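Student: The structure under discussion is supplied below as structure tokens; questions concerning it will follow.
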Amino acid sequence: MDLLEAVQIKRHRLTVAQFQRMKEAGVFSPDVRLELIEGEVVEPVPRGSRQRSAVNRLSCLLLEAIGDRAIVSPQLALRLDPMTELKPDLTVCKARDDLYASAWPTGADALLVIEIADVALDYDVRVKGPLYARYGVPEYWIFDLPARALRRFRKPRGDKYTDVSAFETPDIIALPGLQGTRVDLAGVL
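Set out below in structure tokens:
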């Protein structure tokens, strides 16, 4: 129990719509990456150059492998429910004619969510992982840069993934939801 709960102070939680209006009104600096988790505004650890580079390399690999059969979105908001909006490093979403112009992608739209972890591995595993599982993201990858490994989470059930595996120096891996599509991940780490 945290101190605020102990003294019975009521917290005001935001909806995604309120959070978006606040961002549009300039309440938050556009240079700060923010996420909304169950109504609370969270500022994840800032990205470093290794993380940005890995996101760029992986984006290129995924775009080449997938083509126009799905949408590869770097750091695009993923709306999991009316109170939760995360910004994964990369999301592979089901293809849509409007390219998500009419609605933000949701957990049901995602085929794969990817986080590149340099210093925030615990946040990606313990906070974001259970949320992705709860909202039906079928597969979640975390590239653990310090360990030079890929952690793959599949088969969500409740707040967890029932199939978890790790690969040191990952090689060629099949992409979920895209029959026969494989990507060579050797150069990412």
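One rule links them: number in our numbering = place in the sequence shown (from 1) + 26. No residue lacks a Cβ here, since even glycine has one placed at the ideal position from N, Cα and C. All figures in this text were calculated on a predicted structure; none of them were measured in a lab.
1) For LEU176, count neighbouring C-beta atoms within 10 Å of its own C-beta (all shown protein chains included) and say buried if the count is 16 or more, exposed if not.
2) Beta carbon of LEU215: closer than 7 Å to some heavy atom of the ligand MN?
3) Determine the closest residue to MET109 out of HIS38, ARG208, GLY93, with distance taken between C-alpha atoms.
4) Tell me the start and end of each unbroken alpha helix (DSSP H) in the stretch 147-183 that is at least 4 residues and wholly inside, in chain order.
5) Taking the alpha helix (DSSP H) that ALA80 falls in, what are its first and last residues?
6) Kindly give me the distance between the Cβ atoms of VAL214 and PHE179, rounded to whole angstroms, as I take these residues to be in contact under 8 Å.
7) Along the beta strand (DSSP E) that carries LYS49, what are the first and last residues, could you check?
8) Would you identify the three-state DSSP class for ALA121, choosing helix, strand or coil?
9) Is TYR187 helix, strand or coil by DSSP?
10) Return the bridge partner residues of THR132 from the DSSP annotation.
11) Would you kindly check if the distance between the Cβ of LYS186 and the Cβ of ALA159 is under 8 Å?
12) With 16 as the cutoff for other CB atoms within 10 Å, does LEU88 come out buried or exposed?
13) Going by CA-CA distance only, name the one from PRO72, PRO56, ARG76 that's closest to PRO172.
14) Considering Cα atoms alone, identify which of PRO156, ALA129, VAL163, ARG152 is closest to LEU116.
15) Between VAL139 and LEU201, how many whole angstroms is the CB-CB distance? I'm expecting something under 8 Å.
16) Between which residues of its own chain and VAL98 is the CB-CB distance below 7 Å, once the five residues before and five after are set aside?
17) Taking the alpha carbon of ASP221 as the reference point, which residue from LYS36, PRO70, ASP148 has its own alpha carbon closest?
18) Taking just the CA atoms, how far does LYS49 sit from SER55?
19) Just the C-alpha distance for TYR149 and PRO114, rounded to the nearest angstrom, thanks.
Tutor: Taking the coordinates as given:
1) As a working mapping, residue 176 is identified with position 150 in the sequence shown. Classification for LEU176: buried.
2) The ligand MN is not part of the structure shown, which contains no ligands of any sort.
3) Along the sequence shown, one-based indexing puts residue 109 at 83. Nearest C-alpha to MET109: HIS38.
4) 155-160
5) Working through the sequence shown from its first residue, we reach residue 80 at position 54. Where ALA80 is concerned, the enclosing alpha helix (DSSP H) stretches over 75-92.
6) Here the question's residue 214 lines up with position 188 in the sequence shown. Here the question's residue 179 lines up with position 153 in the sequence shown. Not quite, the Cβ-Cβ distance comes to about 17 Å (not below 8 Å), so this is no contact.
7) As a first step, residue 49 is located in the sequence shown; it is residue number 23 there, counting from the start. Where LYS49 is concerned, there is no enclosing beta strand (DSSP E), although the alpha helix (DSSP H) around it starts and stops at 42-50.
8) As a working note, residue 121 is residue 95 in the sequence shown. Coil.
9) Here residue 187 refers to the residue found at position 161 when the sequence shown is read from its first residue. TYR187 falls in the strand class under three-state DSSP.
10) For the purposes of this step, residue 132 is identified with residue 106 of the sequence shown, where counting begins at 1. DSSP, once it has assigned bridges, lists ARG105 as partnering THR132.
11) Looking up residue 159 in the sequence shown gives position 133. Looking up residue 186 in the sequence shown gives position 160. Against a cut-off of 8 Å, the Cβ pair of LYS186 and ALA159 comes out as a contact.
12) Taking the first residue of the sequence shown as position 1, residue 88 is located at position 62. The residue in question, LEU88, is buried, as its Cβ has 16 or more Cβ neighbours within 10 Å.
13) As a first step, residue 172 must be located in the sequence shown, where it is residue number 146. Nearest of PRO72, PRO56, ARG76 to PRO172, Cα basis: ARG76.
14) Here residue 116 refers to the residue found at position 90 of the sequence shown. The residue with the shortest Cα to Cα distance from LEU116 is VAL163.
15) In the sequence shown, the residue the question calls residue 139 occupies position 113. In the sequence shown, the residue the question calls residue 201 occupies position 175. Wrong, their Cβ atoms sit about 12 Å apart, outside the cutoff.
16) Within the sequence shown, numbered from 1, the residue matching residue 98 stands at position 72. Here the set comprises SER85, LEU88, LEU89, ILE92, LEU116, VAL118.
17) Any question about residue 221 goes unanswered here, given that the chain covers just 27 to 215.
18) Taking the first residue of the sequence shown as position 1, residue 55 is located at position 29. Taking the first residue of the sequence shown as position 1, residue 49 is located at position 23. Their Cα atoms are separated by approximately 8 Å.
19) Taking the sequence shown and counting its residues from 1, the one referred to as residue 149 is at position 123. Taking the sequence shown and counting its residues from 1, the one referred to as residue 114 is at position 88. TYR149 and PRO114: Cα-Cα distance of roughly 12 Å.
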